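Read the structure below first, then the notes.
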Amino acid sequence: MKKAQNMPYQSRTLGAEAWYRFKKNKLALGALAIFILLALMAITTIIIDLVTNNSFYDKYVISQDLLQRLQPPSKEHILGMDEFGRDILLRIIWGTRYSLFMGAFAVLGASVLGGIIGAVAGYYNMMDTLLMRIMDVFLAIPTTLLAVAIVAAMGPSLVNVVLAIAISQTPTFARVIRAQVLTIKDQEYIEAATCIGASDRRIILRHIIPNCMAPIIVQATLGVAGAILSAASLSFLGLGIQPPTPEWGSMLSSARQFIRQY
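My numbering puts the first residue of the sequence shown at 1, with every later residue one more than the last.
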(Lines of atoms letter the chains of each structure in order from A and count residues from 1; the text may use other names and numbers.)
(Lines give C-alpha, C1' and ligand atoms only; values in the text may rest on other atoms or scores of the structure.)
Protein backbone atom coordinates (compact mmCIF):
# COMPACT_ATOMS: atom_id res chain seq x y z
CA MET A 1 0.00 0.00 0.00
CA LYS A 2 3.00 2.30 0.60
CA LYS A 3 4.07 1.52 -2.94
CA ALA A 4 0.64 2.61 -4.23
CA GLN A 5 0.83 5.77 -2.15
CA ASN A 6 4.20 6.76 -3.63
CA MET A 7 3.10 6.11 -7.22
CA PRO A 8 2.62 9.08 -9.51
CA TYR A 9 -1.05 10.01 -9.82
CA GLN A 10 -1.19 8.94 -13.48
CA SER A 11 0.18 5.42 -12.79
CA ARG A 12 -2.24 4.49 -10.00
CA THR A 13 -5.03 2.08 -10.72
CA LEU A 14 -8.59 3.14 -9.93
CA GLY A 15 -8.64 0.81 -6.92
CA ALA A 16 -5.36 2.18 -5.54
CA GLU A 17 -6.51 5.76 -6.05
CA ALA A 18 -9.86 5.06 -4.35
CA TRP A 19 -8.12 3.46 -1.35
CA TYR A 20 -5.62 6.34 -1.16
CA ARG A 21 -8.44 8.87 -0.98
CA PHE A 22 -10.46 6.72 1.41
CA LYS A 23 -7.73 6.18 3.98
CA LYS A 24 -7.10 9.94 4.25
CA ASN A 25 -10.52 10.22 5.90
CA LYS A 26 -10.10 9.09 9.52
CA LEU A 27 -13.85 8.96 10.15
CA ALA A 28 -14.29 6.68 7.13
CA LEU A 29 -11.56 4.34 8.41
CA GLY A 30 -13.23 4.24 11.83
CA ALA A 31 -16.59 3.45 10.24
CA LEU A 32 -14.96 0.70 8.16
CA ALA A 33 -13.41 -0.81 11.29
CA ILE A 34 -16.78 -0.83 13.06
CA PHE A 35 -18.46 -2.43 10.05
CA ILE A 36 -15.77 -5.13 9.83
CA LEU A 37 -16.19 -5.82 13.56
CA LEU A 38 -19.97 -6.18 13.20
CA ALA A 39 -19.57 -8.42 10.15
CA LEU A 40 -17.08 -10.64 12.00
CA MET A 41 -19.47 -10.87 14.95
CA ALA A 42 -22.31 -11.95 12.66
CA ILE A 43 -20.15 -14.52 10.85
CA THR A 44 -18.84 -15.88 14.16
CA THR A 45 -22.35 -16.46 15.51
CA ILE A 46 -23.32 -18.34 12.34
CA ILE A 47 -20.21 -20.55 12.58
CA ILE A 48 -20.83 -21.28 16.28
CA ASP A 49 -24.43 -22.28 15.58
CA LEU A 50 -23.35 -24.58 12.76
CA VAL A 51 -20.57 -26.20 14.79
CA THR A 52 -22.64 -26.66 17.96
CA ASN A 53 -25.89 -27.43 16.11
CA ASN A 54 -27.55 -24.46 17.88
CA SER A 55 -26.85 -25.95 21.32
CA PHE A 56 -24.79 -22.91 22.38
CA TYR A 57 -27.55 -20.60 21.17
CA ASP A 58 -30.23 -22.55 23.05
CA LYS A 59 -28.21 -22.79 26.28
CA TYR A 60 -26.62 -19.36 26.58
CA VAL A 61 -28.55 -16.93 24.36
CA ILE A 62 -32.26 -17.71 24.74
CA SER A 63 -32.31 -20.02 27.78
CA GLN A 64 -33.76 -18.30 30.86
CA ASP A 65 -32.36 -18.34 34.40
CA LEU A 66 -34.65 -16.30 36.62
CA LEU A 67 -32.28 -16.65 39.59
CA GLN A 68 -29.79 -14.50 37.66
CA ARG A 69 -32.28 -11.89 36.43
CA LEU A 70 -31.14 -8.25 36.31
CA GLN A 71 -27.69 -9.03 37.67
CA PRO A 72 -25.18 -6.16 37.32
CA PRO A 73 -22.07 -6.42 35.12
CA SER A 74 -19.44 -8.86 36.33
CA LYS A 75 -16.40 -10.78 35.06
CA GLU A 76 -18.64 -13.62 33.87
CA HIS A 77 -21.26 -11.33 32.32
CA ILE A 78 -19.64 -8.10 31.15
CA LEU A 79 -22.92 -6.27 30.44
CA GLY A 80 -24.97 -8.06 33.09
CA MET A 81 -28.17 -10.06 32.70
CA ASP A 82 -31.60 -9.08 31.40
CA GLU A 83 -35.00 -9.51 33.06
CA PHE A 84 -35.03 -13.23 32.20
CA GLY A 85 -31.49 -13.99 33.34
CA ARG A 86 -29.94 -14.01 29.86
CA ASP A 87 -26.49 -12.61 29.09
CA ILE A 88 -26.98 -9.19 27.47
CA LEU A 89 -23.62 -9.14 25.66
CA LEU A 90 -24.25 -12.50 24.01
CA ARG A 91 -27.71 -11.39 22.92
CA ILE A 92 -26.29 -8.17 21.43
CA ILE A 93 -23.69 -10.19 19.51
CA TRP A 94 -26.26 -12.68 18.25
CA GLY A 95 -28.62 -9.87 17.34
CA THR A 96 -25.97 -8.38 15.03
CA ARG A 97 -26.62 -10.90 12.28
CA TYR A 98 -30.35 -10.20 12.23
CA SER A 99 -29.83 -6.45 11.97
CA LEU A 100 -27.21 -6.77 9.23
CA PHE A 101 -29.32 -9.35 7.40
CA MET A 102 -32.42 -7.16 7.44
CA GLY A 103 -30.50 -4.04 6.44
CA ALA A 104 -28.61 -5.69 3.57
CA PHE A 105 -31.52 -7.62 2.07
CA ALA A 106 -33.98 -4.75 2.46
CA VAL A 107 -31.65 -2.43 0.53
CA LEU A 108 -30.98 -5.15 -2.05
CA GLY A 109 -34.71 -5.56 -2.63
CA ALA A 110 -35.27 -1.80 -2.76
CA SER A 111 -32.43 -1.32 -5.24
CA VAL A 112 -33.70 -4.07 -7.55
CA LEU A 113 -37.35 -2.95 -7.44
CA GLY A 114 -36.47 0.74 -7.56
CA GLY A 115 -33.99 0.06 -10.37
CA ILE A 116 -36.64 -1.58 -12.52
CA ILE A 117 -39.18 1.20 -11.89
CA GLY A 118 -36.63 3.97 -12.40
CA ALA A 119 -35.22 2.43 -15.58
CA VAL A 120 -38.67 1.94 -17.13
CA ALA A 121 -39.81 5.44 -16.13
CA GLY A 122 -36.67 7.08 -17.43
CA TYR A 123 -36.53 5.18 -20.72
CA TYR A 124 -40.21 5.25 -21.68
CA ASN A 125 -41.64 8.76 -21.57
CA MET A 126 -45.23 7.51 -21.62
CA MET A 127 -44.64 5.54 -18.38
CA ASP A 128 -42.69 8.28 -16.64
CA THR A 129 -45.58 10.36 -15.37
CA LEU A 130 -47.63 7.41 -14.09
CA LEU A 131 -44.77 5.65 -12.28
CA MET A 132 -43.30 8.80 -10.78
CA ARG A 133 -46.65 9.99 -9.46
CA ILE A 134 -47.05 6.62 -7.73
CA MET A 135 -43.55 7.02 -6.26
CA ASP A 136 -44.47 10.53 -5.12
CA VAL A 137 -47.38 9.11 -3.16
CA PHE A 138 -45.04 6.72 -1.37
CA LEU A 139 -42.49 9.49 -0.79
CA ALA A 140 -45.19 11.63 0.83
CA ILE A 141 -45.55 9.01 3.58
CA PRO A 142 -42.74 8.87 6.19
CA THR A 143 -40.60 5.76 5.70
CA THR A 144 -41.10 4.37 9.19
CA LEU A 145 -44.85 5.00 9.12
CA LEU A 146 -45.16 3.25 5.77
CA ALA A 147 -43.13 0.27 7.05
CA VAL A 148 -45.31 0.09 10.18
CA ALA A 149 -48.48 0.05 8.07
CA ILE A 150 -47.13 -2.72 5.82
CA VAL A 151 -45.97 -4.92 8.70
CA ALA A 152 -49.20 -4.33 10.62
CA ALA A 153 -51.15 -5.54 7.58
CA MET A 154 -48.91 -8.53 6.80
CA GLY A 155 -48.02 -9.58 10.33
CA PRO A 156 -44.73 -9.38 12.29
CA SER A 157 -41.96 -11.64 10.98
CA LEU A 158 -38.42 -11.38 9.66
CA VAL A 159 -39.47 -11.69 6.00
CA ASN A 160 -42.29 -9.17 6.35
CA VAL A 161 -40.00 -6.64 8.01
CA VAL A 162 -37.50 -6.95 5.14
CA LEU A 163 -40.30 -6.55 2.58
CA ALA A 164 -41.77 -3.55 4.38
CA ILE A 165 -38.45 -1.73 4.58
CA ALA A 166 -37.63 -2.59 0.97
CA ILE A 167 -40.96 -1.19 -0.24
CA SER A 168 -40.59 1.94 1.86
CA GLN A 169 -37.12 2.66 0.39
CA THR A 170 -38.01 1.79 -3.21
CA PRO A 171 -39.17 5.33 -4.23
CA THR A 172 -35.78 6.82 -3.32
CA PHE A 173 -33.93 4.34 -5.53
CA ALA A 174 -36.45 4.79 -8.33
CA ARG A 175 -35.95 8.56 -8.30
CA VAL A 176 -32.15 8.30 -8.28
CA ILE A 177 -32.03 5.76 -11.11
CA ARG A 178 -34.64 7.58 -13.23
CA ALA A 179 -32.53 10.76 -13.13
CA GLN A 180 -29.48 8.79 -14.20
CA VAL A 181 -31.35 7.03 -17.02
CA LEU A 182 -32.65 10.33 -18.39
CA THR A 183 -29.04 11.46 -18.75
CA ILE A 184 -27.67 8.22 -20.19
CA LYS A 185 -30.36 7.42 -22.75
CA ASP A 186 -29.38 10.42 -24.91
CA GLN A 187 -25.75 9.35 -25.17
CA GLU A 188 -24.23 8.41 -28.53
CA TYR A 189 -23.64 4.75 -27.69
CA ILE A 190 -27.34 4.33 -26.85
CA GLU A 191 -28.26 5.84 -30.23
CA ALA A 192 -25.76 3.49 -31.89
CA ALA A 193 -27.28 0.46 -30.15
CA THR A 194 -30.74 1.58 -31.31
CA CYS A 195 -29.54 2.01 -34.90
CA ILE A 196 -28.15 -1.54 -35.12
CA GLY A 197 -31.50 -2.93 -33.97
CA ALA A 198 -30.87 -3.68 -30.30
CA SER A 199 -34.07 -4.26 -28.36
CA ASP A 200 -35.17 -1.96 -25.56
CA ARG A 201 -34.66 -4.78 -23.06
CA ARG A 202 -31.07 -5.29 -24.19
CA ILE A 203 -30.33 -1.56 -24.15
CA ILE A 204 -31.69 -1.17 -20.63
CA LEU A 205 -30.01 -4.27 -19.17
CA ARG A 206 -26.70 -4.20 -21.05
CA HIS A 207 -26.02 -0.50 -21.52
CA ILE A 208 -28.10 1.69 -19.21
CA ILE A 209 -28.25 -0.21 -15.91
CA PRO A 210 -24.47 -0.94 -15.75
CA ASN A 211 -23.77 2.77 -16.21
CA CYS A 212 -26.15 3.60 -13.35
CA MET A 213 -24.27 1.49 -10.80
CA ALA A 214 -22.29 4.34 -9.23
CA PRO A 215 -25.30 6.24 -7.80
CA ILE A 216 -26.97 2.93 -6.92
CA ILE A 217 -23.98 1.86 -4.83
CA VAL A 218 -23.81 5.23 -3.07
CA GLN A 219 -27.53 5.20 -2.30
CA ALA A 220 -27.32 1.58 -1.13
CA THR A 221 -24.53 2.30 1.34
CA LEU A 222 -26.56 5.17 2.76
CA GLY A 223 -29.72 3.06 2.79
CA VAL A 224 -28.31 0.15 4.80
CA ALA A 225 -27.92 2.29 7.94
CA GLY A 226 -31.45 3.63 7.56
CA ALA A 227 -32.79 0.12 6.98
CA ILE A 228 -31.13 -1.16 10.16
CA LEU A 229 -32.64 1.71 12.15
CA SER A 230 -36.06 1.07 10.60
CA ALA A 231 -35.85 -2.64 11.46
CA ALA A 232 -34.88 -1.81 15.04
CA SER A 233 -37.74 0.69 15.24
CA LEU A 234 -40.26 -1.91 14.08
CA SER A 235 -38.95 -4.44 16.59
CA PHE A 236 -39.06 -1.78 19.31
CA LEU A 237 -42.76 -1.30 18.54
CA GLY A 238 -43.35 -5.07 18.63
CA LEU A 239 -43.77 -5.41 14.87
CA GLY A 240 -40.40 -6.95 14.05
CA ILE A 241 -38.68 -10.16 15.07
CA GLN A 242 -40.51 -11.66 18.00
CA PRO A 243 -38.95 -12.80 21.32
CA PRO A 244 -37.02 -14.79 22.40
CA THR A 245 -34.97 -14.17 19.25
CA PRO A 246 -32.36 -11.52 20.14
CA GLU A 247 -32.81 -8.31 18.14
CA TRP A 248 -31.53 -4.87 19.07
CA GLY A 249 -34.86 -3.06 18.86
CA SER A 250 -36.81 -5.61 20.86
CA MET A 251 -34.04 -5.72 23.48
CA LEU A 252 -34.29 -1.96 23.93
CA SER A 253 -38.05 -2.18 24.19
CA SER A 254 -37.99 -4.83 26.91
CA ALA A 255 -35.19 -3.07 28.84
CA ARG A 256 -36.67 0.44 28.97
CA GLN A 257 -38.94 -0.37 31.93
CA PHE A 258 -35.87 -1.26 34.05
CA ILE A 259 -33.62 1.66 33.07
CA ARG A 260 -34.30 3.71 36.21
CA GLN A 261 -33.92 0.90 38.75
CA TYR A 262 -31.13 -1.11 37.05
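Yeah, the Cβ is synthetic: ideal placement off N, Cα and C, and Gly gets one too.
None of these values were measured; they are calculated from a predicted model.
The three-state reading of DSSP puts aspartate 82 in coil, since its state is none of H, G, I, E or B.
Annotated three-state conformation of aspartate 200 is helix, per DSSP. In this structure, the beta-carbon distance from alanine 119 to valine 61 does not fall below 7 Å. Pairwise C-beta distances place the segment 131-140 out of contact with the segment 188-208, as fewer than three of them are shorter than 8 Å. Taking the Cβ atoms as the reference, serine 230 lies roughly 12 Å from threonine 172, outside the contact range of under 8 Å.
Per DSSP, alanine 39 is one residue of the alpha helix (DSSP H) stretching across 26-52.
Cβ atoms of leucine 89 and isoleucine 78 come within 8 Å of each other, at about 5 Å.
Ranked by Cα distance from arginine 256, the first of Ile36, Leu70, Gln242 is Leu70.
Closest option to alanine 140, judged by alpha-carbon separation, among Ser168, Val161, Gly238, Ala31: Ser168.
Here the C-alpha atom of glycine 103 lies approximately 10 Å from the C-alpha atom of arginine 97. By the Cβ-count criterion, alanine 18 is exposed, with fewer than 16 other Cβ atoms from all chains shown falling within 10 Å of its own Cβ. In this structure, valine 107 keeps its C-beta atom at 7 Å or more from the C-beta atom of leucine 234.
Each of Ala16, Lys24, Lys23, Ala28 was checked against the Cα of threonine 221, and the nearest Cα belongs to Ala28. DSSP places aspartate 87 in the strand class (E or B) of the three-state scheme. For histidine 77, the three-state secondary structure derived from DSSP is coil.
DSSP places proline 210 in the helix class (H, G or I) of the three-state scheme. Rounded to the nearest angstrom, the gap between the Cα atoms of lysine 26 and leucine 37 is 17 Å. With contacts defined as CB atoms closer than 7 Å, alanine 164 and alanine 147 qualify as a contacting pair. Taking the CA atoms as reference points, leucine 145 sits about 47 Å from cysteine 195.
The three-state secondary structure of arginine 260, taken from DSSP, is coil. Going by DSSP, alanine 255 is part of the alpha helix (DSSP H) stretching over 248-255.
Of the residues assessed, valine 162 falls on the buried side of the cut-off, its CB having 16 or more other CB atoms within 10 angstroms. Straight-line measurement puts the Cα of leucine 50 at about 21 Å from the Cα of arginine 86.
Here glutamate 83 really is in contact with serine 254; their C-beta atoms are around 7 Å apart, less than 8 Å. Put simply, of Ala110, Gly109, Asp58 the residue whose alpha carbon is nearest the alpha carbon of tryptophan 94 is Asp58. In the structure shown, isoleucine 167 falls within a helical segment according to DSSP collapsed to helix, strand and coil. If you draw a straight line from the Cα of alanine 39 to the Cα of valine 224, it comes to about 13 Å.
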